[in-house]
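Undergrad: Convert by adding 5 to the 1-based position in the sequence shown; the result is the number in this note's numbering. All residues carry an ideal CB built from backbone N, CA and C; glycine is no exception. These figures come from a predicted structure and were not determined experimentally. First, the structure itself, so that you have it in front of you.
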Amino acid sequence: MKSFIKIFLLLFISFALVYFMHSKNILNFQTFSYAFENNKKYLVLIAFLQILNCLFMTFRYHSLLKLFGIKANLQNVTAATYVSNGIGLWMPGSMAIIEFIRISLMLGANHKLNGSYTPKINKLNNNLEELATKSKLAAASLFDRLIGLFVMLFFGCLMTFFVYMKSFNINNSKSDSNLLILFLISFFLMILIIIVPYLAKSLLFRRILARIERLFLTVFRNRVINLFLKKIFAELNSVLDVISLGIRSIKSFWMPVIYSIVCLVLAVFGTYFSGIAISSNIPLEAIFATVSLLSIASLIPMGFGGVGGMQLTAVLLFSIFNISPQIASSAQLLQTTVNLLAITGVGLLFARLSAGQIRAILDARKKESVTS
Numbered sequence: 006m007k008s009f010i011k012i013f014l015l016l017f018i019s020f021a022l023v024y025f026m027h028s029k030n031i032l033n034f035q036t037f038s039y040a041f042e043n044n045k046k047y048l049v050l051i052a053f054l055q056i057l058n059c060l061f062m063t064f065r066y067h068s069l070l071k072l073f074g075i076k077a078n079l080q081n082v083t084a085a086t087y088v089s090n091g092i093g094l095w096m097p098g099s100m101a102i103i104e105f106i107r108i109s110l111m112l113g114a115n116h117k118l119n120g121s122y123t124p125k126i127n128k129l130n131n132n133l134e135e136l137a138t139k140s141k142l143a144a145a146s147l148f149d150r151l152i153g154l155f156v157m158l159f160f161g162c163l164m165t166f167f168v169y170m171k172s173f174n175i176n177n178s179k180s181d182s183n184l185l186i187l188f189l190i191s192f193f194l195m196i197l198i199i200i201v202p203y204l205a206k207s208l209l210f211r212r213i214l215a216r217i218e219r220l221f222l223t224v225f226r227n228r229v230i231n232l233f234l235k236k237i238f239a240e241l242n243s244v245l246d247v248i249s250l251g252i253r254s255i256k257s258f259w260m261p262v263i264y265s266i267v268c269l270v271l272a273v274f275g276t277y278f279s280g281i282a283i284s285s286n287i288p289l290e291a292i293f294a295t296v297s298l299l300s301i302a303s304l305i306p307m308g309f310g311g312v313g314g315m316q317l318t319a320v321l322l323f324s325i326f327n328i329s330p331q332i333a334s335s336a337q338l339l340q341t342t343v344n345l346l347a348i349t350g351v352g353l354l355f356a357r358l359s360a361g362q363i364r365a366i367l368d369a370r371k372k373e374s375v376t377s
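Here it is, written out as structure tokens:
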């Protein structure tokens, strides 16, 4: 019942945001429909780029699984990636949902590979082994996203700085200040991604964090707030544990970085051709500069399948580069639509390959409920 309420709420948010943008002449459906009527070749090209992007994301994830010592068949990893994206893209906070589904599918593949759950005498060993596998999969998934974001932020900083220096001589202080703010936000997030893994490994930082937790729990004695804070700190410590697991292999991350660069280029050109499909031109440097923040925005539940919220975010970010709201929203909506249709279609094709993994997950859950 809760799931239906969430879906209904997300649909309402999407319709409300789309109606708001349309009523304020921010979203132009004529340019959107024009692309489907007259520029079908660009839609096919955008779909191809999105599918190819997902494939290189698969290669990146597979290379990280190897680094974390997880034996995984490339076919299973490919199926898990496309199926998780095909389902997760429709959900709120799509990036987090995608990783949750992919980890579940990879665990299913692991159960299928090792057979069903073994006799009771080995139950403790199996539970410990599964816990270790979950930790490694979580670490691989987290570093998969962190590396991808780092590459996007790095190129975003370069492009924003380039545009800022190019427009420095033009008397437009508001535009310059917005570019500088965008650069500082991207640079701060990039440095944060670099620092956090080392903080996670630092015993001093973990002790300080534990003391902060005790201080907060002492100050806020209200039962509800206390439980909420405990959950927050437990999740934070869990994430730091996962990150510290991955920091050991950080020198071997050059291959995932290369795959991330390819993914970035494909994503950027997907947006670029979305602009061409609606008979507009979005500068490549503007797309490079904003793609990282758009990706981070996908963590926020802003409508069903990101429709509505992502377009409004694109309008705000692209306005820094003097791109009209109509072009920004229409191009982003077009790319979102094509991406949802293309990846969902391929995800359904790969769902057959993941049938064994899904059955293994369901069987595992049944056995857990029986033994508990």
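Determine the direct distance from the alpha carbon of residue 265 to that of residue 353, and round the result to whole angstroms.
TA: Taking the first residue of the sequence shown as 1, we reach residue 353 at position 348. Taking the first residue of the sequence shown as 1, we reach residue 265 at position 260. When rounded, the distance between both Cα atoms is 25 Å.
Undergrad: How big is the Cα-Cα spacing for residue 289 and residue 277?
TA: Taking the first residue of the sequence shown as 1, we reach residue 289 at position 284. Taking the first residue of the sequence shown as 1, we reach residue 277 at position 272. Taking the straight line joining both Cα atoms gives about 7 Å.
Undergrad: Could you compute how far the alpha carbon of residue 22 sits from the alpha carbon of residue 103?
TA: As a first step, residue 22 must be located in the sequence shown, where it is residue number 17. As a first step, residue 103 must be located in the sequence shown, where it is residue number 98. Cα to Cα, the separation comes out at about 24 Å.
Undergrad: CB-CB under 8 Å to residue 213, same chain, minus the five flanking residues each way: which ones, in chain order?
TA: The residue labelled residue 213 in the question sits at position 208 within the sequence shown. Around residue 213: no qualifying Cβ.
Undergrad: If you reduce the DSSP assignment to three classes, tell me which class residue 91 lands in.
TA: Here residue 91 is taken as the residue at index 86 of the sequence shown, counted from 1. The answer is helix: DSSP assigns residue 91 an H, G or I state.
Undergrad: I'd like to check one pair, residue 26 with residue 317: are the Cβ atoms closer than 8 Å?
TA: Here the question's residue 317 lines up with position 312 in the sequence shown. Here the question's residue 26 lines up with position 21 in the sequence shown. A contact, by the Cβ cut-off of 8 Å.
Undergrad: Buried or exposed: which applies to residue 17, given that a residue is buried once 16 or more other Cβ atoms fall within 10 Å of its Cβ?
TA: For this step, residue 17 is matched to residue 12 along the sequence shown. Exposed.
Undergrad: Specify, as a first and last residue, the run of the alpha helix (DSSP H) that residue 399 falls within.
TA: Here the chain has residues from 6 to 377 only, and residue 399 is not among them.
Undergrad: Of all the options 35, 13, 15, 20, which has the alpha carbon lying nearest to the alpha carbon of residue 282?
TA: As a first step, residue 282 must be located in the sequence shown, where it is residue number 277. Answer by Cα proximity: 35.
Undergrad: Which same chain residues, not among the five before or five after residue 166, have their C-beta less than 7 Å away from its C-beta?
TA: For the purposes of this step, residue 166 is identified with residue 161 of the sequence shown, where counting begins at 1. Answer for residue 166: 188, listed in chain order.
Undergrad: What is the residue span of the alpha helix (DSSP H) that residue 335 lies within?
TA: Locating residue 335 in the sequence shown gives position 330, where the first residue counts as 1. For residue 335, the enclosing alpha helix (DSSP H) begins and ends at 330-356.
Undergrad: Is it true that the CB of residue 239 sits closer than 8 Å to the CB of residue 287?
TA: In the sequence shown, the residue the question calls residue 287 occupies position 282. In the sequence shown, the residue the question calls residue 239 occupies position 234. No, Cβ-Cβ distance for residue 287 and residue 239 is not below 8 Å.
Undergrad: Measuring alpha carbon to alpha carbon, tell me which of 315, 248, 302, 275 ends up nearest residue 57.
TA: As a working mapping, residue 57 is identified with position 52 in the sequence shown. The shortest C-alpha separation from residue 57 is found at 275.
Undergrad: I want to see whether chain B comes within less than 8 Å of residue 270, judged by CB atoms only; does it?
TA: No chain B is present in this structure, which holds just one protein chain.
Undergrad: Once you ignore the five residues that flank residue 198 on each side, which residues in its own chain have a CB closer than 8 Å to its CB?
TA: As a working mapping, residue 198 is identified with position 193 in the sequence shown. 151, 154, 155, 158, listed in sequence order.
Undergrad: Closer than 6 Å by C-beta to residue 130: which residues in its own chain qualify, once you throw out the five before and the five after it? Chain order, please.
TA: For the purposes of this step, residue 130 is taken as residue 125 along the sequence shown, with counting starting at 1. With a pLDDT of 48 at residue 130, under the threshold of 50, the modelled position of this residue cannot be trusted; read the value that follows with caution. The beta carbon of residue 130 is closer than 6 Å to none in its chain, skipping five residues each way along the sequence.
Undergrad: When the Cα atoms are used, what is the spatial distance from residue 247 to residue 76?
TA: The residue given as residue 247 occupies position 242 in the sequence shown. The residue given as residue 76 occupies position 71 in the sequence shown. Taking the straight line joining both Cα atoms gives about 18 Å.
Undergrad: Between the C-alpha atoms of residue 170 and residue 108, what's the straight-line distance to the nearest angstrom?
TA: Here residue 170 refers to the residue found at position 165 of the sequence shown. Here residue 108 refers to the residue found at position 103 of the sequence shown. Answer to the nearest angstrom: the Cα atoms are 43 Å apart.
Undergrad: What three-state label does DSSP hand residue 73 in the structure shown?
TA: Looking up residue 73 in the sequence shown gives position 68. In this structure, residue 73 counts as coil in the three-state DSSP scheme.
Undergrad: From residue 206 to residue 245, what distance separates their C-alpha atoms?
TA: The residue you call residue 206 lines up with position 201 of the sequence shown. The residue you call residue 245 lines up with position 240 of the sequence shown. Residue 206 and residue 245: Cα-Cα distance of roughly 8 Å.
Undergrad: Take residue 215 as the anchor and find which of 234, 48, 203, 87 has the nearest alpha-carbon.
TA: Position 210 of the sequence shown, counting from 1, holds the residue named residue 215. Ranking the options by Cα distance to residue 215, first place goes to 234.
Undergrad: Out of 14, 24, 32, state which residue places its alpha-carbon closest to the alpha-carbon of residue 330.
TA: Taking the first residue of the sequence shown as 1, we reach residue 330 at position 325. Answer by Cα proximity: 32.
Undergrad: Sorted by chain position, which residues of the same chain lie with C-beta nearer than 7 Å to residue 24's C-beta, five sequence neighbours on each side aside?
TA: Taking the sequence shown and counting its residues from 1, the one referred to as residue 24 is at position 19. Nothing meets the Cβ criterion.
Undergrad: Do residue 348 and residue 94 have their beta-carbon atoms positioned less than 8 Å apart in this structure?
TA: Position 89 of the sequence shown holds residue 94. Position 343 of the sequence shown holds residue 348. Contact: yes.
Undergrad: Do residue 338 and residue 322 have their CB atoms nearer than 8 Å?
TA: For the purposes of this step, residue 338 is identified with residue 333 of the sequence shown, where counting begins at 1. For the purposes of this step, residue 322 is identified with residue 317 of the sequence shown, where counting begins at 1. Result no, Cβ atoms of residue 338 and residue 322 do not sit closer than 8 Å.
Undergrad: Enumerated in chain order, which unbroken segments of the alpha helix (DSSP H) with a length of 4 residues or greater are wholly contained in the region 204-269?
TA: Listed in chain order, the complete alpha helix (DSSP H) runs (minimum 4 residues) inside the region 204-269 are 208-224, 228-251.
Undergrad: Would you check if the distance between the CB atom of residue 273 and the CB atom of residue 292 is smaller than 8 Å?
TA: Here residue 273 refers to the residue found at position 268 of the sequence shown. Here residue 292 refers to the residue found at position 287 of the sequence shown. Yes, they are a contact pair.
Undergrad: Give every residue of the same chain whose Cβ lies closer than 6 Å to the Cβ of residue 355, excluding the five residues on either side of it in the sequence, and list them in chain order.
TA: Within the sequence shown, numbered from 1, the residue matching residue 355 stands at position 350. Only 84, 87, 88 meet the Cβ criterion.
Undergrad: Could you tell me which of 294, 10, 51, 14 sits nearest to residue 280, measuring between CA atoms?
TA: Indexing the sequence shown from 1 puts residue 280 at position 275. Among 294, 10, 51, 14, the Cα nearest to that of residue 280 belongs to 51.
Undergrad: Judging by CA-CA distance, which residue of 73, 285, 146 is the nearest neighbour of residue 105?
TA: The residue labelled residue 105 in the question sits at position 100 within the sequence shown. With distances taken between Cα atoms, residue 105 lies closest to 146.
Undergrad: Which same chain residues, not among the five before or five after residue 225, have their C-beta less than 8 Å away from its C-beta?
TA: As a first step, residue 225 must be located in the sequence shown, where it is residue number 220. Hits under 8 Å: 231, 234.
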